[in-house]
Every structure is written in structure tokens, then in C-alpha cells.
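Peer 1: Once you've had a glance at the structure underneath, I'll fire off some questions.
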Amino acid sequence: METLTALRLPNEMLKKVDNISKALERSRSYTIRKAIETFLDEYAELEKFNKISFSEKVNFVGEKIRKGFEKAGYTEKDIPRLIAEVRAEKHKR
750 METLTALRLP
760 NEMLKKVDNI
770 SKALERSRSY
780 TIRKAIETFL
790 DEYAELEKFN
800 KISFSEKVNF
810 VGEKIRKGFE
820 KAGYTEKDIP
830 RLIAEVRAEK
840 HKR
């Protein structure tokens, strides 16, 4: 079941929604619905995160980082090199 609802958005926000909708070749309603779905999913994940112990949080964050590294094509062997590169870049500043 769906319910029609109305909401007020700042003009700039609505322009961004319209630009995204145009780029996706989708309706404004679709874009707003997807944005709300994403927000609700992230909020639910945050709620779960807030209910777990500190050690579980450390594991959770570590797993997110590991997945991000894998997605970028890095392996565990790349980590020391990446750390060295970041440190070298900081020393340049």
C-alpha cells in the first residue's frame, strides 16, 4: 500500500533532486523515495551499531575498511606501503 504525502523542500535541494532525476532518467518521486530508503537503511544500521559492544564495533569498522580496500583492489600486503605514502604526504605539508 502506498500513501500520498506532501513535503516542503528548499529550492536548492529540489534543484539537486531534479538534476539527479534527469541524470537517472527517473521521476522526482523515484529519486526522493530512493533517498529516503537510503536514509532509513543507514539509520537502521546506525541503530544496530549503537546497540553492540565496543569490541563488536571495532570488528564492524575493521570489516567495513577491509571491504573498502578489497573493492579498491588492495590486499593486506598493500597496507604498509599505503601507510608510508600517507605519512610521507603529511610530512610534505
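Residue numbers for the sequence shown follow the numbering used here, beginning at 750 and rising by one.
Glycine included, C-beta positions come from ideal geometry on N, C-alpha and C.
1) According to the Cβ coordinates, are T780 and L773 closer than 8 Å?
2) So, under 8 Å CB-CB, V766 and R775 are touching, yes? Tell me the CB distance rounded to an integer number of Å.
3) If we call anything under 8 Å between Cβ atoms a contact, is F798 one with K806?
4) Which two residues bound the contiguous alpha helix (DSSP H) that contains K841?
Peer 2: This is what the structure gives:
1) The count along the sequence shown starts at 1 and reaches residue 780 at position 31. The count along the sequence shown starts at 1 and reaches residue 773 at position 24. Yes. Within cutoff.
2) Indexing the sequence shown from 1 puts residue 766 at position 17. Indexing the sequence shown from 1 puts residue 775 at position 26. Actually they do not touch by this definition, with Cβ atoms about 10 Å apart.
3) Counting from one through the sequence shown, the residue named residue 798 turns up at place 49. Counting from one through the sequence shown, the residue named residue 806 turns up at place 57. Yes, the pair counts as a contact, with Cβ atoms nearer than the cut-off.
4) Along the sequence shown, read from residue 1 onward, the residue named residue 841 stands at position 92. K841 -> alpha helix (DSSP H) spans I828 to K841.
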